[in-house]
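Reviewing the structure listed below.
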Amino acid sequence: EAIDAGVDPSAIAVDPGPDFTKTPAQTVEVLRHLPDLNPSGLPMLLAISRKDFIGALTETRPKDRGAGTLAAIAAVGSGTGVILRLHDVREARRFLTVLDVLRSDEPVDPELRLADELRWAAGRPDGTTAV
Numbered sequence: 843e844a845i846d847a848g849v850d851p852s853a854i855a856v857d858p859g860p861d862f863t864k865t866p867a868q869t870v871e872v873l874r875h876l877p878d879l880n881p882s883g884l885p886m887l888l889a890i891s892r893k894d895f896i897g898a899l900t901e902t903r904p905k906d907r908g909a910g911t912l913a914a915i916a917a918v919g920s921g922t923g924v925i926l927r928l929h930d931v932r933e934a935r936r937f938l939t940v941l942d943v944l945r946s947d948e949p950v951d952p953e954l955r956l957a958d959e960l961r962w963a964a965g966r967p968d969g970t971t972a973v
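Mapped onto the working numbering, the consecutive letters of the sequence shown carry residue numbers 843 to 973.
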C-alpha cells in the first residue's frame, strides 16, 4: 500500500512485530514464514532480542534469553536487507561472524591463528589465564 501511495521503496522497512499483540505460537508462525510476509523483498526489521516468545519457550527471564535470541537470529537469517534490533550487539556480532563463516564456501585464511592472549591457561606457556 505504501508504494502504491507513492512512498519511495528505499524508505520502507517491513516490521512483522514479533510478540506485538501476538501469542508465542503466533510469533513463531510469523518468524517461520517471513519470506511469505515480504514478497517485495523490502528491508525487514526484526526486533527479536529477549522477546517473550523466547522466554515462553525456554522458561527464562529477559536477562537469561541470550541463547534463545541467538537461536532466533540463526533461524531468521542475517542477510542483506535484514535489520536486527538487539540488546547484546557484541555477542550477536560474534555469533554471526562464526555462523556466516560456517555457512559460507569462502576459504578461511590458512594463516589465521588465535592470539596468545586469547588462549586458555593450559595453552599458554607462562600458565596465566585469559580473561
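For each residue, glycine too, the CB sits at the ideal point set by N, CA and C.
All values derive from a computational prediction rather than experimental measurement.
Residue interval of the beta strand (DSSP E) (run including isoleucine 828): Absent from the structure is residue 828, since the part of the chain shown begins at 843 and ends at 973.
Isoleucine 890 versus Ala957, Ala909, Asp951, residue with shortest Cα-Cα distance: Shortest Cα-Cα distance from isoleucine 890 to any of Ala957, Ala909, Asp951 involves Ala909.
Per-residue burial, arginine 874 [other beta carbons within 10 Å of its own, 16 or more giving buried]: Arginine 874 is exposed by the Cβ-count criterion.
Cβ distance (whole Å) where proline 860 is taken to contact threonine 869 below 8 Å: Cβ atoms of proline 860 and threonine 869 come within 8 Å of each other, at about 5 Å.
Limits of the unbroken alpha helix (DSSP H) element including alanine 934: Start and end: 931-945.
Straight-line Cα distance separating valine 931 from arginine 945: When rounded, the distance between both Cα atoms is 20 Å.
Aspartate 942 versus leucine 879: straight-line alpha-carbon distance, rounded: When rounded, the distance between both Cα atoms is 24 Å.
For aspartate 958 and glycine 919, the rounded distance between their alpha carbons: Rounded to the nearest angstrom, the two C-alpha atoms are 32 Å apart.
Nearest to leucine 887 (by Cα), restricted to the options Ala914, Asp857, Glu901: The closest CA to that of leucine 887, considering only Ala914, Asp857, Glu901, is found on Asp857.
Three-way DSSP call (helix, strand, coil) for valine 856 in this model: Three-state result, valine 856: strand.
Range of the contiguous beta strand (DSSP E) that encloses alanine 889: Looking at the DSSP string, the run of the beta strand (DSSP E) that includes alanine 889 is 886-889.
Inter-residue Cα distance where the pair is aspartate 894 and phenylalanine 937: Looking at the two C-alpha atoms, the distance is approximately 21 Å.
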